[in-house]
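A quick write-up on the structure given underneath.
Chains as they are written, first to last, in my numbering: chain E, 27 to 353; chain S, 306 to 684.
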């Protein structure tokens, strides 16, 4: 008797050519948790017919989605970065106008093979913390009904998980830098980060009409304007370092436009560079911990339009760019 | 290398000058004034923790420009606020009580009680919280000057490793007190400041007043006597927990003159303090009866005593709201109270020897310690 057990699950993805048309997975993804599911709203029958109890509810619209949490690695993340940013190859920029990318997500357990087509990333964050692998959390919305088949893995996986990126890869050849936009970031802008969280929100939502019991394809911006986010915690409130002393609070009060670059260097063939070219600090405060940190939150914007960059030292318009090197 | 450690981040505070400033309010020590108080000896105050810090606001621009993502938000307000939490002491907090309550009559407070002890009576200013001339009945100081102003602003500093952080023109937005069995009387002051400044503000000279640092004069729960009942017929109660809180509804607004900063906050609504007692044992239905019948006038006092020191809160007119009995193994009686102002200041519920009641306050704080200075006239 086959019983679903967590260690024997596996998840695969592939970029769809035509949104909603299922394709067999080609990339195995290092998922650590997943609650993708299909559910139906129930429509109660509240008719007054002279008896206490109502009739059974009716089946309403179908919703597909959930959250995937996965480690960020040098190889299989590429497929997810396409869906997260709307850009089909590295460097992955949060797309300037729309993200219409969809994935076919396949997960295998001991009982069934679940096939989900038409899946898009509604919002995502990447969290970098000490003693942990870089972790991505993705909210998924899908518009195609779940299909279940016999538990036999379909297709051929050509990309397996590679080197995981760790928080301390931001050292040595790697780095974390933050500074104003007066000049390009350099070694003197190095900062010690206890935590950094950045992400994008495409603000998708379910839309229903008569053509399907499920949602129409959930388009980016359907639920509100897309946005990017950034928060970080500087590990020490330290007078000896320009990026860790009261300069940060000065930036907050002056509304100084800032830039950040995180360069995860695991090896020459496994690097991830994150560039956030244009943001302001909304919050920056020494914490009340026994050893104070500086907790910061930022308002992230695009970096101009076309070649007219707000920050000319990062020639990109996207609020966040991720550059993945894996060969 | 200097790294900010919590145990090193001492706090100091002093009241902004109120005497003879009438000509200077806009630029001197008024809200956002151009001059700063110098914190130094005797200004340090022990505290537990604080969320006081620079708090700014920014406004997003969602203009439609054919781009998915908006540009960066724009800074639209600079300010500072937060709570300051401390263990209460019999000595060293008089500036804070004046700042929180708002009035100490210059003509009758403090009263000398002999042996180096003085009594202070702090009343709630029932008219305003912003910088304002003394009302006629308040002009009781022997050195009163027509240019004196009531100033309920403090400058509060914290010593961090990088710089001294100074919070200019701090207004009290409200405060709460709580005392639980086995614990101390703890205060939390809600602070609204003009801005946060960072630099050198003399923190090397911030020292504690004599006898204040250390736990010798902490106010623990077991020093407390609680009495509640009709005037003249107060009953002593066994309480495992008491608390009170009040908020000053201050208007927080900006205009074309104040620019990025808040203009001076002003009281824009009524103040409605609340209090609550937890009687350790439900042994009588008296308080259920009081919550059903509000025709009986009640008053209450909370007095902590330690040798010659005293700290007391006096509530001249209270009513019991929905008293309830808990579901504990031994049931307790929770007695929430609404607090009202002195019903008749000409015949007050409580009298404080030598002190003249001016405001008709909702709550009086009566403090007996070795401080000989009237806080409203301190600077």
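Where a beta carbon is used, it is the ideal one built from N, C-alpha and C, also for glycine.
Problem set entry | Neighbourhood of residue 528 of chain S by C-beta distance below 8 Å, restricted to the same chain and skipping five residues each side | 609, 610, 611
Exercise. Looking only at C-alpha atoms, which of S:473, S:604, S:384, S:456 sits nearest to residue 318 of chain S?
Worked result: S:473
Problem set entry | Which of helix, strand or coil DSSP assigns to residue 342 of chain S | coil
Exercise. At which residues does the beta strand (DSSP E) containing residue 483 of chain S begin and terminate?
Worked result: 469-485
For this session: Check distances from the C-beta atoms of the region 333-367 of chain S to those of chain E and list, in chain order, the residues that come in under 9 Å.
Result: 354, 355, 356, 358, 359, 360, 361, 362, 363, 365, 366, 367
Exercise. Of all the beta strand (DSSP E) runs that stay within the bounds of the region 252-297 of chain E, which reach a length of 3 or more residues?
Worked result: 253-260, 284-293
For this session: Can you tell me which of the three DSSP states residue 669 of chain S falls into?
Result: strand
For this session: Apply the 10 Å Cβ neighbour rule to residue 110 of chain E and answer buried if 16 or more other Cβ atoms are within range, or exposed otherwise.
Result: buried
For this session: Could you spell out the range, first to last residue, of the alpha helix (DSSP H) harbouring residue 399 of chain S?
Result: 399-406
Problem set entry | Where the region 375-395 of chain S meets chain E: residues whose CB sits under 8 Å from a CB there | 375, 376, 377, 378, 379, 380, 383
For this session: With a 10 Å radius around its C-beta and 16 neighbouring C-beta atoms as the bar for buried, classify residue 79 of chain E as buried or exposed.
Result: exposed
Exercise. Start and end of the alpha helix (DSSP H) containing residue 175 of chain E?
Worked result: No alpha helix (DSSP H) holds residue 175 of chain E; the beta strand (DSSP E) holding it covers 173-175.
Exercise. How big is the Cα-Cα spacing for residue 373 of chain S and residue 136 of chain E?
Worked result: 42 Å
Exercise. Hey, quick one: how far does the beta strand (DSSP E) through residue 427 of chain S stretch, first residue to last?
Worked result: 422-429
Problem set entry | In DSSP terms, what residue 58 of chain E is bridged to | Answer is none; residue 58 of chain E lacks a bridge partner.
Exercise. Of all the beta strand (DSSP E) runs that stay within the bounds of the region 109-171 of chain E, which reach a length of 3 or more residues?
Worked result: 129-134, 139-154, 161-168
Exercise. Is the number of C-beta pairs between the region 536-549 of chain S and the region 576-596 of chain S that are closer than 8 Å three or more?
Worked result: yes
Exercise. Are the C-beta atoms of residue 497 of chain S and some chain E residue less than 9 Å apart?
Worked result: no
Problem set entry | Through-space distance from residue 291 of chain E to residue 339 of chain E, alpha-carbon basis | 22 Å
Exercise. Does residue 280 of chain E come within less than 9 Å of chain S when only Cβ atoms are used?
Worked result: yes
Problem set entry | 8 Å Cβ cut-off: residues of chain S touching residue 121 of chain E | 373
For this session: Might you give, ordered along the chain, the residues of its own chain that have their beta carbon closer than 6 Å to the beta carbon of residue 179 of chain E, omitting 5 neighbours on each side?
Result: 134
Problem set entry | Span separating the alpha-carbon of residue 599 of chain S from that of residue 433 of chain S | 29 Å
Exercise. In chain S, what lies closer than 7 Å to residue 263 of chain E by C-beta?
Worked result: 308, 309, 465, 466, 467
Exercise. By Cβ distance, which residues of its chain are closer than 6 Å to residue 683 of chain S, with the 5 residues on each side in sequence left out?
Worked result: 320
Exercise. What residues from chain E crowd round residue 577 of chain S, counting only those whose CB sits closer than 7 Å?
Worked result: Ordered by position in chain E, no residue passes the 7 Å Cβ test against residue 577 of chain S, which lies about 30 Å from the chain.
Exercise. Going by DSSP, what residues sit across from residue 312 of chain E in a beta bridge?
Worked result: E:320
Exercise. Can you list the beta strand (DSSP E) stretches of 3 or more residues lying completely in the region 312-338 of chain S, in chain order?
Worked result: 316-320
Exercise. When you compare each of S:446, S:340, S:383 to residue 563 of chain S by their alpha carbons, which one comes out closest?
Worked result: S:383
Problem set entry | Bounding residues of the beta strand (DSSP E) (the contiguous stretch that carries residue 680 of chain S) | That residue, residue 680 of chain S, is in no beta strand (DSSP E); it is neither H nor E in DSSP.
Exercise. If we ignore side chains and look at the alpha-carbon of each, how far apart do residue 268 of chain E and residue 518 of chain S end up?
Worked result: 34 Å
Exercise. Using Cβ-Cβ distances below 8 Å, what residues of the region 147-163 of chain E are close to chain S?
Worked result: none
Problem set entry | Between the CA atoms of residue 355 of chain S and residue 130 of chain E - distance to the nearest angstrom | 50 Å
Problem set entry | Cβ-based contacts, 9 Å cut-off: residues of the region 233-258 of chain E near chain S | 246, 247, 251, 252, 253, 254
Exercise. Which residues bound the beta strand (DSSP E) around residue 575 of chain S?
Worked result: Run containing residue 575 of chain S: none; DSSP gives neither H nor E here.
Problem set entry | Listed by chain order, chain S residues near residue 325 of chain E by CB distance under 8 Å | 363, 365, 377, 378
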